[in-house]
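Report on the structure given below.
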Amino acid sequence: MRDVYVLGAGAHPWGKFQEKPLMQLAIEACNNAMADASLEWSDIQTVVSCSSHFSGGWGWGQQGPELLKAIHENGMPVYNIVDACAVGGEAVNVAQLLIASGQYDILMVIAAEKPPEGMLPLTHTDAERTIDNIDYLRWVSATAANPIWWGIEARRRMEEYGTTEITYAKASELMHRNASLNPLSRFRKVFTVEEILNSAMVCDPLRVYELCAVSDGAAALILCSEEEARKRTTKPILLAGTGVATPQFGDLWPRVPYIFTAAKKPGPYLSEIVLATERAYAMAGIGTEDIDFLELQDNSSWHVVAWPEVMGFLEPGQGDWMLEHGEFEINGKLPINPSGGFLSYGEATTAQGIIQVCDLYWQLRGQAQTKERQIEKANVGLSVSLGLGGYAATIILKK
Amino acid sequence: MSKAHQVPALEGLFTWSNDEATLTGSKCISCNSYYFPRVWNCRNPECKEKKVEPATFSRQGKVYSYTWMHYPSPPPFNWEPFIPFGIVLVEMPEGIRILGRLTGCKLEDIKIGMDLELTIDKLYEDKQGNDVITYAFRPLKQSAGGKK
Chain A
15 MRDVYVLGAG
25 AHPWGKFQEK
35 PLMQLAIEAC
45 NNAMADASLE
55 WSDIQTVVSC
65 SSHFSGGWGW
75 GQQGPELLKA
85 IHENGMPVYN
95 IVDACAVGGE
105 AVNVAQLLIA
115 SGQYDILMVI
125 AAEKPPEGML
135 PLTHTDAERT
145 IDNIDYLRWV
155 SATAANPIWW
165 GIEARRRMEE
175 YGTTEITYAK
185 ASELMHRNAS
195 LNPLSRFRKV
205 FTVEEILNSA
215 MVCDPLRVYE
225 LCAVSDGAAA
235 LILCSEEEAR
245 KRTTKPILLA
255 GTGVATPQFG
265 DLWPRVPYIF
275 TAAKKPGPYL
285 SEIVLATERA
295 YAMAGIGTED
305 IDFLELQDNS
315 SWHVVAWPEV
325 MGFLEPGQGD
335 WMLEHGEFEI
345 NGKLPINPSG
355 GFLSYGEATT
365 AQGIIQVCDL
375 YWQLRGQAQT
385 KERQIEKANV
395 GLSVSLGLGG
405 YAATIILKK
Chain B
8 MSKAHQVPAL
18 EGLFTWSNDE
28 ATLTGSKCIS
38 CNSYYFPRVW
48 NCRNPECKEK
58 KVEPATFSRQ
68 GKVYSYTWMH
78 YPSPPPFNWE
88 PFIPFGIVLV
98 EMPEGIRILG
108 RLTGCKLEDI
118 KIGMDLELTI
128 DKLYEDKQGN
138 DVITYAFRPL
148 KQSAGGKK
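Protein chains in written order, with this note's numbering: chain A, 15 to 413; chain B, 8 to 155.
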């Protein structure tokens, strides 16, 4: 199998763009990635495109054939990857294999999305309203919208480790402060901890400024073989590791949208994240100690303090101390989301796994959009995303 | 005063008698794993047989954690007026955790580890005037008194 490199990254800013069609967001992200890699459409051999599939229908995201029909209808093959919030990472994993196998030398990975407003809604048809439909079940059994799962985790952490509401607010404050340096991000206002604590309670103990909103967004990556990378850039970035996983039986972590967790004997918590990350490490031949910074999927402020522990970077309960002592900041010991994360970007679910890898790439290339956002020692970066229903993808880039 | 007819929000989730609910699910006949609601197959990767039979669960459990929802769920639930409500993740004696609405308890009274029991909760009234109900958890009678 061949080594695979990231040759370019591009995005459309994230936010709300009512006047602009989804396709235009996608095309601008592609064009920015190609400009970054000094490529044209005729150089691209295939497109791997991301969408989601919830309860029938097409879900959200951008299908590859439509994209080519709109901008470069030359008959090239496309791969549509369908998943939830982890689909971007999963698409990078598949794209890596397409090049590593020798099938292609240069390809594009693209995701663009305009999700519906507000809390992710019920989309079921009458025929889908059955007990076997897990996403319908959660509404009529427990009337449970997505953020309640994070509220439950946040409350549990307060009991187990003494995490306070102020700590959660500080996590959100850091994300928005980082985002203020990222022109692609949406919520770039620097909030005070007090402003966050005064924002409306959504699912106690989490407030509206501590939960990710939904955004329109798009991001694209160009991947290539080693031979192409050598020919086309003096600053090659290695796609060192990719890992994809689903949950393991026995994992009692409550995951959206399940109303039930089963265990014969308790297994690893958040097992899909743990497994995806282990697989990415195994491929890259490195471990937690080699990672200089993280882009993790912060659906809430709870994720910022808890996930670095779950992923083995910290001991359980240590996240609070790290946050309080500035170690998650851009120039701390373990920078978390120098991009500002999804508390600041907002969720364009299918594009999240791609923009994370773009952000890793920009940091490793020394191309962070503002000087203050650039991590000084950025040699290896890791991103992790988690999709509704239980999918995870971990990506490691290396300078 | 005549009581409105009660219909479950979804058939097959639970049975009820007056205000006491019992959850219905499945149990693996070979590895004894429990599932809620009912499933067609056992998903334990170590289990070869995968065959399940109908099962019911204990009517009591303990609060693993909880949240209090301050925003109404999206349609079709039209609660007017909307009243913030609790959702609990409950550890059941069968070694499983089940998510459900909390009833008969205020935010300041709920505690992790507290004993709960299963009851029913009205979600909304349908077009025919029936009360549409689901299962819910409430403080177990003997432990609920504490602070009140």
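Note that CB positions come from ideal geometry on N, CA and C, so glycine has one too.
Report yes if the C-beta distance between Ala47(A) and Gly24(A) is below 8 Å; otherwise report no.
-> For this step, residue 47(A) is matched to residue 33 along the first sequence. For this step, residue 24(A) is matched to residue 10 along the first sequence. Contact flag set, yes.
Going along the chain, which residues of its own chain have a beta-carbon closer than 6 Å to the beta-carbon of Ala382(A), five neighbours each way excluded?
-> Translated into the one-based positions of the first sequence, residue 382(A) becomes position 368. Excluding sequence neighbours, Ala382(A) sits near Trp376, Gln388.
Residue from Val139(B), Phe92(B), Ile90(B), Tyr71(B) whose Cα sits closest to the Cα of Met172(A) | Against the first sequence, residue 172(A) aligns to sequence position 158. Ranking the options by Cα distance to Met172(A), first place goes to Tyr71(B).
Residues from the stretch 122-150 of chain B in contact with chain A, defined by Cβ distance under 8 Å = Leu130, Thr141, Tyr142
Compare the C-beta of Glu173(A) against all C-beta atoms of chain B and say whether one is closer than 8 Å.
-> Here residue 173(A) refers to the residue found at position 159 when the first sequence is read from its first residue. Judged by the 8 Å Cβ criterion, Glu173(A) is in contact with chain B.
Among Gly231(A), Asp304(A), Asn313(A), which one has its Cα closest to the Cα of Arg269(A)?
-> If you number the first sequence from 1, residue 269(A) lands on position 255. Residue Asn313(A) is the option with its Cα nearest to Arg269(A).
Buried or exposed (CB count within 10 angstroms, at least 16 for buried), Ile103(B) = Within the second sequence, numbered from 1, the residue matching residue 103(B) stands at position 96. Answer is buried; the Cβ neighbour count reaches 16.
Using 8 Å as the threshold, is the stretch 355-373 of chain A in touch with the stretch 117-127 of chain A, meaning 3 or more CB pairs across them?
-> Counting Cβ pairs under 8 Å, three or more are found: they touch.
Reducing DSSP to helix, strand and coil, say where Ser285(A) ends up.
-> To locate residue 285(A), count along the first sequence from 1; it is residue 271. In the structure shown, Ser285(A) sits in a helix (DSSP, three-state: H, G or I).
Leaving out the 5 sequence neighbours to the left and right, which residues in its chain are closer than 6 Å to Lys412(A) when beta-carbon positions are compared?
-> Here residue 412(A) refers to the residue found at position 398 of the first sequence. Excluding positions up to five away in sequence, the list reads Leu252, Ala254, Val394.
Return the Cβ separation of Ile58(A) and Leu121(A) in integer angstroms, given the expectation that the two are a contact with Cβ distance under 8 Å.
-> In the first sequence, counting from the first residue as 1, residue 58(A) sits at position 44. In the first sequence, counting from the first residue as 1, residue 121(A) sits at position 107. Confirmed, about 6 Å.
Quick one: Cα of Gln67(B) to Cα of Met76(B), how far?
-> Stepping through the second sequence from its first residue, residue 67(B) is reached at position 60. Stepping through the second sequence from its first residue, residue 76(B) is reached at position 69. Their backbone Cα atoms lie some 23 Å apart in a straight line.
Contact set between Gly165(A) and chain B, taken where Cβ atoms lie within less than 7 Å = On the first sequence, residue 165(A) is found 151 positions in, with the first residue counted as 1. Residues of chain B passing the Cβ test: Thr74.
Buried/exposed call for Ile127(B), threshold 16 Cβ in 10 Å | Position 120 of the second sequence, counted from the first residue, corresponds to residue 127(B). In summary, Ile127(B) is buried, with 16 or more beta-carbon neighbours lying within 10 Å of its beta-carbon over all protein chains present.
State the start and end residues of the unbroken alpha helix (DSSP H) segment that holds Ala185(A).
-> Looking up residue 185(A) in the first sequence gives position 171. Element bounds for Ala185(A): 179-193.
Chain B within 8 Å of Ala406(A), Cβ atoms only | As a position in the first sequence, residue 406(A) is number 392, starting the count at 1. Chain B contact via Cβ: absent.
Buried or exposed (CB count within 10 angstroms, at least 16 for buried), Ser37(B) | Taking the first residue of the second sequence as 1, we reach residue 37(B) at position 30. Ser37(B) should be labelled exposed.
C-beta neighbour in chain A for Arg104(B), strict 8 Å = Within the second sequence, residue 104(B) is the residue found at index 97, counting from 1. It does; some Cβ of chain A falls within 8 Å.
Which chain B residues sit within Cβ distance under 8 Å of Asp312(A)?
-> Position 298 of the first sequence, counting from 1, holds the residue named residue 312(A). At a beta-carbon threshold of 8 Å, none of the residues of chain B lie near Asp312(A); the nearest stands roughly 18 Å away.
Name the chain B residues that come within less than 7 Å of Val154(A), Cβ to Cβ?
-> What you label residue 154(A) is simply residue 140 of the first sequence in a count that begins at 1. Result: Ala16, Leu17, Thr141.
Determine, using beta carbons only, whether Pro88(B) comes closer than 8 Å to chain A.
-> The residue labelled residue 88(B) in the question sits at position 81 within the second sequence. Taking CB atoms only, Pro88(B) has no neighbour in chain A less than 8 Å away.
Which word fits Trp47(B), buried or exposed, when buried means at least 16 other C-beta atoms lie within 10 angstroms of its C-beta?
-> For the purposes of this step, residue 47(B) is taken as residue 40 along the second sequence, with counting starting at 1. Classification for Trp47(B): exposed.
Taking Cβ-Cβ distances shorter than 9 Å, what residues in chain B pair up with Lys139(A)?
-> In the first sequence, the residue the question calls residue 139(A) occupies position 125. The sequence shown places Thr at residue 139(A), not Lys. Residues of chain B passing the Cβ test: none, with the nearest at roughly 13 Å.
Close beta carbons around Val18(A), own chain, < 6 Å, minus the five adjacent residues each side | Mapped onto the first sequence, residue 18(A) falls at position 4. Gln110, Ile113, Ala114, Leu237, Leu253, listed in sequence order.
Using alpha carbons as the reference points, say which of Asp373(A), Trp335(A), Ala406(A), Gly165(A) lies closest to Phe92(B).
-> The residue labelled residue 92(B) in the question sits at position 85 within the second sequence. Residue Gly165(A) is the option with its Cα nearest to Phe92(B).
Inter-residue spacing [alpha-carbon to alpha-carbon] between Pro197(A) and Ala105(A) = Translated into positions along the first sequence, residue 197(A) becomes position 183. Translated into positions along the first sequence, residue 105(A) becomes position 91. Between Pro197(A) and Ala105(A), the C-alpha separation is close to 25 Å.
Within its chain, find whatever has a CB closer than 8 Å to the CB of Val97(B); leave out the 5 residues flanking it on each side and keep chain order.
-> In the second sequence, residue 97(B) corresponds to position 90, counting from 1. Once the five neighbours on either side are set aside, the close Cβ partners of Val97(B) are Gly68, Lys69, Val70, Tyr71, Arg104, Ile105, Leu106, Gly107, Leu123, Phe144.
Let me know the secondary structure DSSP gives Trp75(B) once reduced to three states.
-> Within the second sequence, the letter at position 68 stands for residue 75(B). Looking at Trp75(B) - three-state DSSP - the assignment turns out to be strand.
Would you kindly check if the distance between the Cβ of Val101(A) and the Cβ of Cys44(A) is under 8 Å?
-> Locating residue 44(A) in the first sequence gives position 30, counting from the first residue. Locating residue 101(A) in the first sequence gives position 87, counting from the first residue. Going by C-beta atoms, Cys44(A) is not nearer than 8 Å to Val101(A).
From which residue to which residue does the alpha helix (DSSP H) around Gln32(A) run?
-> As a working mapping, residue 32(A) is identified with position 18 in the first sequence. That residue, Gln32(A), is in no alpha helix (DSSP H); it is neither H nor E in DSSP.
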